[in-house]
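**Q** I'd like to ask some things about the structure below.
Protein chains in written order, with the working numbering: chain Z, 739 to 853; chain E, 32 to 143.
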């Protein structure tokens with residue numbers, strides 16, 4: 739079975755532009771998580787979904803960030819407008835039964851650079 | 032509140048030497064504990080986990096960790112380091128809800 743698939747792997751954009759990151763979770767998984775990784779702050783949970791419903795978005799830094807999960811096989815994280823401080827690696831992870839059951843399966847990440 | 036502290040952001044060991052990566056947690060109830068590994072330009076992969084039962088947990092690639100409730104620790108060890116072990120290692124804790132709390136990571140360098 740394919741793992742978590744993220745696109746694009748790398749994105750370079752200019753300040754003010756809209757950025758859309760995409761994620762396809764593992765088939766059958768009912769939880770999806772978006773994380774951001776930076777040198778300064780480490781891994782931060784931005785938002786997670788259960789059965790396509792956003793459960794906790796308290797980690798979303800600002801209104802510029804939004805995430806959707808229109809169906810069980812697709813999620814997007816959008817930043818509009820983007821700023822240089824948004825530069826980071828964004829990871830999507832999925833899980834069957836939630837984080838408490840043990841294992842998050844991570845995608846390879848989307849490296850975002852905002853100039 | 033739950034949190035994880037990883038002592039030492041960088042650890043260097045010689046090839047063949049013992050690997051010891053430290054993790055302490057704070058939790059009001061016994062947590063679930065995890066170690067994840069991240070190789071360059073990749074996502075995190077689960078190394079091992081402790082949920083209940085035996086406190087010594089064995090994982091992939093020869094790693095193991097021991098849950099010590101009295102010390103609130105979950106240190107990761109490997110008897111003999113290999114060059115391929117060079118990576119970033121993250122300790123994580125979870126109990127209530129669906130949040131993983133990740134530590135800040137420890138970068139392991141293996142010296143030939």
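Idealized CB from N, CA, C, for every residue including glycine. Just so you know, these numbers come straight off a predicted model, no measurement behind them.
1) Closest to residue 64 of chain E by CA distance: which of E:42, E:48, E:36, E:47 is it?
2) Which chain E residues sit within Cβ distance under 9 Å of residue 800 of chain Z?
3) Rounded to the nearest angstrom, how far is the Cβ of residue 138 of chain E from that of residue 41 of chain E, given a contact under 8 Å?
4) Quick check on the DSSP output: the beta strand (DSSP E) that includes residue 853 of chain Z runs from which residue to which?
5) Determine, for residue 842 of chain Z, whether the minimum Cβ-Cβ distance to residues of chain E falls below 8 Å.
6) Is residue 102 of chain E helix, strand or coil when you go by DSSP?
7) Does DSSP classify residue 780 of chain Z as helix, strand or coil?
8) Pop quiz: residue 69 of chain E and residue 121 of chain E are said to be a contact at Cβ under 8 Å. What is the actual Cβ separation, rounded to whole angstroms?
9) Going by the CB atoms, is the gap between residue 774 of chain Z and residue 826 of chain Z shorter than 8 Å?
**A** A quick look at the data gives this:
1) E:36
2) Residues of chain E with a Cβ closer than 9 Å to the Cβ of residue 800 of chain Z do not exist; the shortest Cβ-Cβ separation is about 20 Å.
3) Yes, residue 138 of chain E and residue 41 of chain E are in contact; Cβ-Cβ is about 5 Å, under 8 Å.
4) First-last for residue 853 of chain Z: undefined, no H or E at that position.
5) At least one chain E Cβ lies under 8 Å of residue 842 of chain Z.
6) helix
7) strand
8) 7 Å
9) yes
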